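Here's the structure we're looking at; comments come further down.
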Amino acid sequence: MLLPFFQWCETVWLGRVVVESLWLFPVIEAVHLLALSVLGGAVLIVDLRMLGAGLTHRSVPEIARSARPYLIGALAGMIVTGVPLFLSEPTKCYYSNAFWVKMTTLAIALLFTFTIRATAIVVDSPEPPVRNTARLRLIGALSIALWVTVAAAGRWIGFS
Amino acid sequence: MSLLAFCEWLAATEGSTALRESLMMYPLVESTHVLFLLLFVGMTVIWDLRLLGLAMKEVSITEMAARVLPWVRAGFVVMITTGILLVYAIPVRTYQSVWFRAKMIFLILAFINIWYFHARVLPHVAAWDRDVRLPKAARRAGLASIVLWALIIVAGRFIAYNWFDCDIQPQPAFVNWFAGCVVPPVQ
Numbered sequence: 000m001l002l003p004f005f006q007w008c009e010t011v012w013l014g015r016v017v018v019e020s021l022w023l024f025p026v027i028e029a030v031h032l033l034a035l036s037v038l039g040g041a042v043l044i045v046d047l048r049m050l051g052a053g054l055t056h057r058s059v060p061e062i063a064r065s066a067r068p069y070l071i072g073a074l075a076g077m078i079v080t081g082v083p084l085f086l087s088e089p090t091k092c093y094y095s096n097a098f099w100v101k102m103t104t105l106a107i108a109l110l111f112t113f114t115i116r117a118t119a120i121v122v123d124s125p126e127p128p129v130r131n132t133a134r135l136r137l138i139g140a141l142s143i144a145l146w147v148t149v150a151a152a153g154r155w156i157g158f159s
Numbered sequence: 000m001s002l003l004a005f006c007e008w009l010a011a012t013e014g015s016t017a018l019r020e021s022l023m024m025y026p027l028v029e030s031t032h033v034l035f036l037l038l039f040v041g042m043t044v045i046w047d048l049r050l051l052g053l054a055m056k057e058v059s060i061t062e063m064a065a066r067v068l069p070w071v072r073a074g075f076v077v078m079i080t081t082g083i084l085l086v087y088a089i090p091v092r093t094y095q096s097v098w099f100r101a102k103m104i105f106l107i108l109a110f111i112n113i114w115y116f117h118a119r120v121l122p123h124v125a126a127w128d129r130d131v132r133l134p135k136a137a138r139r140a141g142l143a144s145i146v147l148w149a150l151i152i153v154a155g156r157f158i159a160y161n162w163f164d165c166d167i168q169p170q171p172a173f174v175n176w177f178a179g180c181v182v183p184p185v186q
């Protein structure tokens, strides 16, 4: 059902430019990895804190507030570079299991980050040195699991 | 024995051949190397942003060093382990890759930067531990770190591409020199 849409994506100008260039795909891919690294820092510094590691002398909301602009910036960078990468090979992506795993977990990870996780950070976080609730620790662990799955599935698109 | 001869010997060993030809192990090691960017470079960036006064502004430098740097070190252990395995699997081509050589140069510069910061800048931390805007030497170390790790990631990613491989000739003289290609003289 979605195949015609993916085939139409093959004709989009931006994707054609990437395919016809020797350098564009690798360069955009490298920037995608740079944004991934920033995303890793912005997510993990908060998730580790939720798990009771890292900057434990600070409250979770304080760390999350400081990391937030980099989380948003990194996500924007991932999407801006990810779209042309996708447009350069949409039909290959359509037939790639890794691509669908990535897109599904990405949707879940984004929803989770900006609803459940964002709310828990504000509502559930005790002031240090009070131990985090089990719920907050679980949310930190789930966030790590989700983003690692997105990144791993993303890498796996290249192997298929 | 030259380094090239060593790489050729290494490539012929049983372990190197097995890893290179394995359907799952090589991609797994390679993916682990990429995934630990999240932890290693991620935590490094957070630390550098603090040095630049752009994030975690209320956290003192000593607290950052005590609570964040252990994660950077743990990430690096995985990076260097998987990285060595990747070179072990494909020694000759990697050794003669301009991107790998550029990456190693940036890596050495990154470590000089780390050494300089810890040996010459950090010992004076008591004077500016809680400052948001740190002395110039500390800010410079943070910026150099971000730039160098970015270059290391880009050069590392480009190793996968064969634009400048020795077996694709002719190449510009600089490429052949920098990659250490053994090119028969043109008649």
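Protein chains in written order, with numbering that gives the first Met the number 0: chain P, 0 to 159; chain A, 0 to 186. Glycine residues also receive a C-beta, built at the ideal position from the N, C-alpha and C atoms. Computed from a predicted model, the values in this text were never measured in an experiment.
Sequence-distant residues of its chain with Cβ nearer than 6 Å to residue i (five each side left out)
{"i": "Ser160(P)", "result": "Only positions 0 to 159 of chain P appear in the structure, and residue 160(P) is not among them; the question remains open."}
{"i": "Val71(A)", "result": "Met42, Thr43"}
{"i": "Pro60(A)", "result": "Residue 60(A) is actually Ile in this sequence, not Pro. Result list for Ile60(A): Val124, Asp128, in chain order."}
{"i": "Gly139(P)", "result": "Asp46, Met49, Leu50"}
Nearest-angstrom beta carbon gap, residue j and residue i [assumed within contact, 8 Å]
{"i": "Ala162(P)", "j": "Val100(P)", "result": "Residue 162(P) is absent from the model: chain P starts at 0 and stops at 159."}
{"i": "Gly14(P)", "j": "Pro125(P)", "result": "At roughly 49 Å, the Cβ-Cβ gap does not stay under 8 Å, so Gly14(P) and Pro125(P) are not in contact."}
{"i": "Ser15(A)", "j": "Tyr87(A)", "result": "6 Å"}
{"i": "Tyr160(A)", "j": "Pro25(P)", "result": "6 Å"}
{"i": "Ile145(A)", "j": "Asp47(A)", "result": "5 Å"}
{"i": "Ala136(A)", "j": "Val120(A)", "result": "5 Å"}
{"i": "Phe98(P)", "j": "Ile156(P)", "result": "5 Å"}
{"i": "Val181(A)", "j": "Gln168(A)", "result": "Contact flag wrong, Cβ pair sits at about 11 Å."}
Cβ pair residue i, residue j closer than 8 Å
{"i": "Met42(A)", "j": "Met55(A)", "result": "no"}
{"i": "Leu36(A)", "j": "Gly39(P)", "result": "yes"}
{"i": "Val131(A)", "j": "Gly52(A)", "result": "yes"}
{"i": "Val153(A)", "j": "Leu84(A)", "result": "no"}
{"i": "Ala63(P)", "j": "Ile120(P)", "result": "yes"}
{"i": "Arg100(A)", "j": "Asp164(A)", "result": "no"}
{"i": "Ala73(P)", "j": "Val30(P)", "result": "no"}
{"i": "Met77(P)", "j": "Leu35(P)", "result": "yes"}
{"i": "Phe105(A)", "j": "Leu147(A)", "result": "yes"}
{"i": "Arg49(A)", "j": "Val40(A)", "result": "no"}
{"i": "Val18(P)", "j": "Ser87(P)", "result": "yes"}
{"i": "Ala41(P)", "j": "Leu70(P)", "result": "yes"}
{"i": "Ile210(A)", "j": "Arg19(A)", "result": "The displayed coordinates of chain A run from 0 to 186. Any statement about residue 210(A) would go beyond what the structure contains."}
{"i": "Phe5(P)", "j": "Pro60(P)", "result": "no"}
{"i": "Ser96(A)", "j": "Ile151(A)", "result": "no"}
{"i": "Arg154(P)", "j": "Ser30(A)", "result": "yes"}
Neighbourhood of residue i by C-beta distance below 7 Å, restricted to the same chain and skipping five residues each side
{"i": "Ala108(P)", "result": "Leu145, Trp146, Val149"}
{"i": "Asp123(P)", "result": "Thr132, Arg134, Leu135"}
{"i": "Leu38(A)", "result": "Trp70, Gly74"}
{"i": "Leu33(P)", "result": "none"}
{"i": "Met24(A)", "result": "Leu18"}
{"i": "Phe85(P)", "result": "Cys92"}
8 Å Cβ shell around residue i - same chain, five flanking residues per side excluded
{"i": "Thr55(P)", "result": "Arg48, Pro127, Pro128"}
{"i": "Asn96(P)", "result": "Ser159"}
{"i": "Thr104(P)", "result": "Leu145, Thr148, Val149, Ala152"}
{"i": "Gly82(A)", "result": "His32"}
DSSP-derived helix/strand/coil call for residue i
{"i": "Glu62(A)", "result": "helix"}
{"i": "Gln6(P)", "result": "helix"}
{"i": "Trp127(A)", "result": "coil"}
{"i": "Arg116(P)", "result": "helix"}
{"i": "Pro25(P)", "result": "helix"}
{"i": "Asp123(P)", "result": "coil"}
{"i": "Tyr94(P)", "result": "coil"}
{"i": "Asp47(A)", "result": "helix"}
{"i": "Ile138(P)", "result": "helix"}
{"i": "Cys6(A)", "result": "helix"}
{"i": "Trp162(A)", "result": "coil"}
{"i": "Glu57(A)", "result": "coil"}
{"i": "Thr132(P)", "result": "coil"}
{"i": "Val79(P)", "result": "helix"}
{"i": "Glu88(P)", "result": "coil"}
{"i": "His32(A)", "result": "helix"}
{"i": "Gly82(A)", "result": "helix"}
{"i": "Gly179(A)", "result": "coil"}
{"i": "Thr55(P)", "result": "coil"}
{"i": "Thr104(P)", "result": "helix"}
{"i": "Asp22(A)", "result": "According to the sequence provided, residue 22(A) is Leu. The question's Asp does not apply to it. Residue state, collapsed to three classes: coil."}
{"i": "Gly155(A)", "result": "helix"}
{"i": "Arg132(A)", "result": "coil"}
Residue i at chain C interface by Cβ criterion, 8 Å
{"i": "Val121(P)", "result": "In the structure shown, chain C does not exist; the protein chains are P and A."}
Distance cut-off 7 Å: residue i Cβ against heavy atoms of the ligand HEM
{"i": "Ala151(P)", "result": "With respect to the ligand HEM, the structure shown offers nothing to examine, as it has no ligands at all."}
Note down, in chain order, all residues in the region 124–154 of chain P with a beta-carbon under 8 Å from any beta-carbon belonging to chain A.
Interface annotation for the region 124–154 of chain P against chain A: Trp146, Val147, Ala150, Ala151, Arg154, criterion Cβ-Cβ distance under 8 Å.
Listed from N- to C-terminal order along the chain, which residues in the region 70–104 of chain P have their beta-carbon within a distance smaller than 7 Å of any beta-carbon of chain A?
So the list is empty, because no residue satisfies the distance condition.
Give me the subset of the region 48–68 of chain P whose CB atoms are less than 9 Å from a CB atom of chain A, sorted by chain position.
Here the close residues are Ala52, Gly53, Leu54, Thr55, His56, Arg57, Glu61, Ile62, Ser65, Ala66, Pro68.
Any C-beta of chain P within less than 8 Å: which residues of the region 54–70 of chain A qualify?
Correct list: Ala54, Met55, Lys56, Glu57, Val58, Glu62, Met63, Arg66, Val67, Trp70.
Output needed in chain order: residues of the region 32–44 of chain P with a Cβ under 7 Å from some Cβ in chain A.
From the region 32–44 of chain P, only Leu32, Leu33, Leu35, Ser36, Val37, Gly39, Gly40, Leu43, Ile44 have a Cβ closer than 7 Å to chain A.
Got a sec: which bits of the region 129–161 of chain A sit with their beta carbon under 7 Å from any beta carbon on chain P, in order along the chain?
Sequence-ordered contacts of the region 129–161 of chain A with chain P read Ala149, Ile152, Val153, Arg156, Phe157, Tyr160 [C-beta pairs closer than 7 Å].
Can you pull out the residues from the region 14–34 of chain A whose beta carbon lies closer than 7 Å to at least one beta carbon of chain P?
Within the region 14–34 of chain A, the residues whose Cβ lies closer than 7 Å to some Cβ of chain P are Pro26, Ser30, Val33, Leu34, listed in chain order.
Output, in sequence order along the chain, the residues in the region 42–53 of chain A whose CB is closer than 8 Å to any CB in chain P.
Within the region 42–53 of chain A, the residues whose Cβ lies closer than 8 Å to some Cβ of chain P are Met42, Thr43, Val44, Ile45, Leu48, listed in chain order.
Determine which residues of the region 7–29 of chain P have a Cβ less than 9 Å from any Cβ of chain A, and write them out in chain order.
Those residues of the region 7–29 of chain P that come within reach of chain A (Cβ to Cβ, closer than 9 Å) are Leu21, Trp22, Pro25, Val26, Glu28, Ala29.
Residues within the region 66–98 of chain A neighbouring chain P, beta-carbon criterion of under 7 Å:
Residues of the region 66–98 of chain A with a C-beta atom less than 7 Å from some C-beta of chain P are Arg66, Val67, Trp70, listed in chain order.
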